[in-house]
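Undergrad: Following this message is one structure expressed as structure tokens.
Here you go:
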């Protein structure tokens with residue numbers, strides 16, 4: 017990161033790639049106090065140049081499938097120039113190959129959006145932004161569905177185990193031999209195998225809340241464990 021004075025004497029902070037820094041070094045720009053005269057038209061010229069490179073050989077993948085924008089220049093010189101232009105807009109492309117041909121590409125959705133803005137491709141930009149929103153919503157929905165499915169799976173497994181424990185107690189000693197509070201919860205669980213702890217609580221003569229029901233089910237589990245150990 018270097019500080020330079022622009023034409024209007026405003027101090028600008030510019031971020032350069034290693035290659036561009038090396039080129040600046042060759043040209044004698046080693047002192048942060050040195051002034052680089054920046055033509056205000058340079059940025060617009062760079063934008064037009066980038067548009068030409070894009071029209072000559074570039075592509076953008078359907079954003080609903082993946083985020084990918086690439087330039088396929090005809091020469092190493094053009095490739096370096098594309099990199100230079102993108103770097104000047106704080107966009108950092110990567111190099112790769114398409115067959116035997118060198119290319120520069122972007123995978124970051126934000127950087128692709130920046131390039132589309134530079135190119136003035138606002139319709140494509142809207143498609144990209146819509147795709148980003150849809151993907152984000154879809155990912156959030158999937159996470160929620162997976163979370164709920166995992167919760168349901170845990171609830172079902174717990175209910176099955178609770179019923180097994182209660183049936184064992186019923187078979188070995190009979191539910192009438194355990195304290196009334198435990199017996200009431202046990203009968204509720206057998207009567208409503210799919211009910212949540214809160215629903216079981218509401219069905220009791222005196223609701224005791226989820227924690228109260230859970231506490232009694234744990235007591236039933238301990239009794240069942242003792243009976244299994246005795247067998």
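In my numbering, the protein residues as written are 17 to 247.
Every residue, glycine too, gets a C-beta built ideally from N, C-alpha and C.
For residue 114, which residues in the same chain have their Cβ closer than 8 Å to its Cβ, ignoring the five residues on either side in sequence?
TA: Excluding sequence neighbours, residue 114 sits near 86, 88.
Undergrad: Tell me, please, whether the CB atom of residue 162 is closer than 7 Å to any CB atom in chain B?
TA: The structure shown contains no chain B, having only a single protein chain.
Undergrad: Can you give me the Cβ contacts of residue 80 inside the same chain, cut-off strictly under 6 Å, excluding the 5 residues immediately before and after it?
TA: Closer than 6 Å at the Cβ level, and outside the excluded window around residue 80, lie 147.
Undergrad: What are the boundary residues of the alpha helix (DSSP H) that residue 138 is part of?
TA: Looking at the DSSP string, the run of the alpha helix (DSSP H) that includes residue 138 is 138 to 188.
Undergrad: Under the DSSP definition of a beta bridge, which residues are partnered with residue 110?
TA: Answer is 121, bridged to residue 110.
Undergrad: Would you mind giving the Cβ-Cβ distance between residue 107 and residue 131, rounded to the nearest angstrom? I have them listed as a contact below 8 Å.
TA: About 6 Å; that satisfies the 8 Å criterion.
Undergrad: In whole angstroms, give me the CA-to-CA distance for residue 181 and residue 214.
TA: Approximately 20 Å, taken between the alpha carbons.
Undergrad: Leaving out five residues on either side along the sequence, give the residues of the same chain with a beta carbon under 8 Å from the beta carbon of residue 143.
TA: Excluding positions up to five away in sequence, the list reads 79.
Undergrad: Count Cβ pairs between the stretch 171 to 189 and the stretch 197 to 212 that sit closer than 8 Å; are there 3 or more?
TA: Because the criterion of three Cβ pairs below 8 Å is met, the stretch 171 to 189 and the stretch 197 to 212 touch.
Undergrad: Which of the three DSSP states, helix, strand or coil, is assigned to residue 271?
TA: Residue 271 lies beyond the residue range present for the chain, which begins at 17 and ends at 247; the question has no answer from this structure.
Undergrad: Is the stretch 188 to 195 touching the stretch 111 to 126 in the sense that three or more CB pairs, one from each, lie closer than 8 Å?
TA: Touching, no.
Undergrad: Sorted by chain position, which residues of the same chain lie with C-beta nearer than 7 Å to residue 67's C-beta, five sequence neighbours on each side aside?
TA: Contacts found: 135.
Undergrad: Does residue 246 pass the burial test, meaning 16 or more other C-beta atoms within 10 Å, or should it be called exposed?
TA: Residue 246 should be labelled exposed.
Undergrad: Would you kindly work out how many angstroms separate the C-alpha atoms of residue 220 and residue 82, rounded to a whole number?
TA: Going from the Cα of residue 220 to the Cα of residue 82 covers about 54 Å.
Undergrad: For residue 76, which residues does DSSP report across the bridge?
TA: Bridge partners of residue 76: 85.
Undergrad: For residue 202, which three-state DSSP category applies?
TA: DSSP places residue 202 in helix when its eight states are reduced to three.
Undergrad: I think residue 140 touches residue 229, with their Cβ atoms under 8 Å apart; what is that distance to the nearest whole Å?
TA: That pair is no contact at about 56 Å.
Undergrad: For residue 194, name the three-state secondary structure that DSSP assigns.
TA: Coil.
Undergrad: Quick one, are the C-beta atoms of residue 239 and residue 168 less than 7 Å apart?
TA: Not in contact: residue 239 and residue 168 (Cβ atoms no closer than 7 Å).
Undergrad: Could you check whether residue 183 and residue 236 sit closer than 7 Å to each other, using their CB atoms as the reference points?
TA: No; because the gap between Cβ atoms is not below 7 Å, this pair is not in contact.
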